[in-house]
Structures are given as C-alpha cells and as structure tokens.
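Student: Residue numbers (our numbering), protein chains in the order written: chain Z, 1 to 250; chain G, 1001 to 1155.
Where is the CB? At the ideal position from N, CA and C, for every residue including glycine.
Keep in mind it's a predicted model, so treat the numbers as computed, not measured.
To start, I am sharing the structure in question, which I have written as structure tokens.
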Amino acid sequence: MQPFADWLLSHAAPLVGVTLGAVALWLALPRPRMGAARIALAAVAGLASLGILSVTSLVPMEDPSQAGLFYLFAGVAVVSGALTVTNHDPVYAALWFAIATLGVCGLFLLNFAPFLAAATVIVYAGAIIVTFLFILMLAQQNGAAFYDRYASRPLATSIAAGLVLATLLLSLHAWRGADDSVASVRFLPPPEALAEQTLSGGEEQLSSMRSLGRSLFGDYLFAVELAGTALLIAAIGAIAIAPRRQGGAL
Amino acid sequence: MTTALLDNCLVVGAILFVLGAVGFLTRRNLILVMLSSELMLHGVSLNLVAFSGFHENLRGQSFTVFILAIAACEAGIGLALTLALYRRRKTLDIDVWSDLAEVAPRRDEAAEAAAVAYEADRGEEPAFPRLTPAGAVPKDVPRPYEVQARESADV
C-alpha cells in the first residue's frame, strides 16, 4: 500500500488535472436543467484542468514562435473538441467540430505536414457541410429534441475517460524518465532498414508534396489501390443503403 | 528534430481521443456519435503525424492519408445508415434501437441441473463454465438431455 501511495503522491499534479477534467466533463454533459452556475463551474474546472495539464504534462519548447503556435492550435483543438462533445445543440456541436478540425490542421502544419493539413480541411469541409445538411434536415424539424438534452451515463463515462487519460498521460511521463527531462529519445528509434529507406533528407523534404507522393505511390501503391477500391465499395454501399422514394428516385 | 513537439502532440492526441470517446459513449444523437468518432480519428492522426515529423520519414503521413480515406468511407455509409434508420422511426435517438440487442438471458436452474445429471449419467466430467443459453431457444432443436429423456421414455 505504501509504494502505491508514494506513487500517487509523486504523480499528484497530473492526476489532479485529469480529475478536474473528468469533473468538468461530467458537469458539462447535457442534462435537462443546466443552470448557469453549473456551466460556470464546468468552465472553471475545465480551464483549471487544462492549465494544470499544460504545466505538468507538456514539455517546454525552446523555439518561442513554435511554442506559441503549438499552444494556440492545441488550445483551440482541445477546447472546441470538448465543446463538440458537450454542446446540447447538434448544429453548434458540428460547428465546434469544424473549429477543432482547424486546430488539428494547425498542429499538422507544425509537424511539417502541410499537404495533410490542406487535405484534412478540404475533406472535412465537405463532410461537415453534408453533416450540417443532415442535421438541419432531420434533427431541427421540431426544434431541439429531448434526446440531445440527456446524455446517457455521464458519470460512468466521465470516470472511465479520466482513467483512460490518466493511464495515457502517466505512461508518457514514465517514458520521459524520473527527472522529467525531455526524453523522447526513449521512443523506439526507426529500425536500420527503415532508416536507410527514408526518402527525405530533412524538414523541407518531409513537408514537400513530391516526397509524400513518392511515398504513397511508391511504397504504398498497392494500399492506395485498395483504399480506392474501399471508397468505391463504400459509395456503392451508401447508394444501396440509402432509402428511396417510390419510383426509385433517391 | 525537436522532441518536445512530439511529446506535446502526443498529449494533445490523447486528450482528443478521450474527448471523442466520451462523446461516442454519452451522446444519443446518431449524427453526433459519428462526429465524435471523427474526433477520435483526429487524435490518432495527430499521433501519426507527430511521429512522422519526429522520425523524419513519411510513413506516418502516408498512414494519415489512409485514415482520411477510410474516414470518408465511414462518413458516407454512416450517413446513409442514419437516413435509413431515421426513415424507420422518425427520430435520431440511438436508444430507440436498443431493442436490437439481445434480451438478457435468465438463468435456467432446472436446465442446468438436468444437464449436470445428463453428463453424470454418461460418465462425463461436468463441463464448466455452464453457459446459460442466450436469447430465445430454438423450438425445433432439442437439448441433449431432452433427447435422452425422450429416448428413455420410448424404452
């Protein structure tokens, strides 16, 4: 019991952050009577949780411009992700999801993946517009529906989410080592054979569309063909599943 | 390559994944459930892209392209299914479909005792765990001990 208590104490800060986050989620998940006090409490707990986690779980970055952009994009992604999950109006949830997607695309840019950032924006812009139309068509006919105001099992889910997040974050802490110095070096280095095959020399090559195209259509040509086939099958399946009016028109 | 960026992106990816999971489990609107699963996919993509930048090779980015493709398939089929389900019950509530699940089976103690007696009768070791038959028992498939009872009745 004593080692467990010591372990808990040594990881108290991230655990408190995760617990606060779980409490904030539980408070913010939709339910019939959301008082203003409850929303304010959820916002305070959520922001406190984000603050604690950003101090204890994030590693300080040397480059100030990179750090600033990272905190901006990460904050946008996480906050709007939380609002997507907790907003009781599906229209606003879809809007917040679009903003979360933009934040994630910013993080893609920081990680030298400009093509993926652009592709994600394009693909999800289409997906969000279609989802939007669906929501307007199906969900908004009679105003807000009762099932959007009741979350199912908010308490159990918040506890489970806190446990999962604590596990993930503490395993990251364990990778980093006891002194909490940056030690991503502990992550597996790329195997020798793979290191020889890299198409890239540096960051410029990594972020160029040309080398991504060579990777996709060189190393993964077969998988690209399979993915194309999967898309075709999915399109046919969607047409087959979608209900028709009389006379066969969609 | 900066290791701090990788570590921090992994943290953000974990948070996004957990948020998506919470939405997937708690929301009762079919469309929002799908949006939450897309949020989980964002977390996974972020991990892949961060590792790709850290290792300075393009495999992670290529995998993310495949995630995008499969997410598009999923969205297409999911929306078609949503439309079909909506046509049937005129609601997006997920809970009205919970009758698709199996009814929780009741424990049939008489059947268990009969099965144990059947096995003891044949000189077999009793097999554990004794599973309670789930769902409705098919009418025309007799259980082994019923066959034995029928045979002994015939004799």
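Can you list, in chain order, the residues of its chain with a C-beta nearer than 6 Å to that of Z:Gly103? Leave out the 5 residues immediately preceding and following it.
Tutor: Result list for Z:Gly103: Phe73, Val76, Ala77, in chain order.
Student: Determine whether the Cβ of G:Arg1089 lies closer than 9 Å to any Cβ atom of chain Z.
Tutor: No, its Cβ sits nowhere closer than 9 Å to a Cβ of chain Z.
Student: According to DSSP, which residues form a beta bridge with G:Asn1029?
Tutor: Paired residue(s): G:Asp1093.
Student: Can you tell me where the alpha helix (DSSP H) with Z:Val164 in it begins and where it stops?
Tutor: Z:Val164 -> alpha helix (DSSP H) spans 154-176.
Student: Residues of chain Z with a CB under 8 Å from the CB of G:Asn1008: which are they?
Tutor: Within 8 Å Cβ-Cβ: Leu58, Val59, Met61, Phe70, Ala74.
Student: Does chain Z have any CB closer than 9 Å to the CB of G:Asp1099?
Tutor: G:Asp1099 does not count as touching chain Z.
Student: Decide if the segment 1027-1041 of chain G is in contact with the segment 1053-1065 of chain G; the criterion is three or more beta carbon pairs, one per stretch, under 8 Å apart.
Tutor: The segment 1027-1041 of chain G vs the segment 1053-1065 of chain G: no contact.
Student: What residue does the alpha helix (DSSP H) around Z:Gly68 start on, and which one ends it?
Tutor: Unbroken alpha helix (DSSP H) run through Z:Gly68: 64-86.
Student: What are the residues in the segment 116-142 of chain Z lying within 8 Å of chain G by C-beta distance?
Tutor: If the cut-off is 8 Å between Cβ atoms, the segment 116-142 of chain Z has Leu116, Ala119, Thr120, Val123, Tyr124, Ala127, Val130, Thr131, Phe134, Ile135, Leu138, Ala139 near chain G.
Student: Going by C-alpha distance, which of Z:Ile129, Z:Pro154, Z:Met209, Z:His11 is nearest Z:Ala94?
Tutor: When only C-alpha atoms are compared, the closest one is Z:Ile129.
Student: Compute the Euclidean distance between the alpha carbons of Z:Asp6 and Z:Ala160, then round it to the nearest angstrom.
Tutor: Computed Cα separation, rounded: 23 Å.
Student: Ignore the nearest five residues each way along the sequence and tell me which others in Z:Val16's own chain have a CB closer than 7 Å to its CB.
Tutor: For Z:Val16, where only same-chain residues beyond five positions count, the Cβ hits under 7 Å are Ile52.
Student: Helix, strand or coil: how does DSSP classify Z:Arg149 here?
Tutor: In this structure, Z:Arg149 counts as coil in the three-state DSSP scheme.
Student: Taking the alpha-carbon of Z:Gly237 as reference, which of G:Ala1114, G:Gly1123, G:Ala1072, G:Asp1108 has the nearest alpha-carbon?
Tutor: Selected option, being the one with the closest Cα: G:Ala1072.
Student: For my contact list, Z:Thr84 and Z:Phe97 are in at a C-beta cut-off of 8 Å; report their separation, rounded to the angstrom.
Tutor: Going by Cβ atoms, the distance from Z:Thr84 to Z:Phe97 rounds to 4 Å, so yes, they are a contact pair.
Student: Could you say which of Z:Arg149, Z:Ser57, Z:Ile135 lies nearest to Z:Pro312 if we only look at CA atoms?
Tutor: Absent from the structure is residue 312 of chain Z, since the part of chain Z shown begins at 1 and ends at 250.
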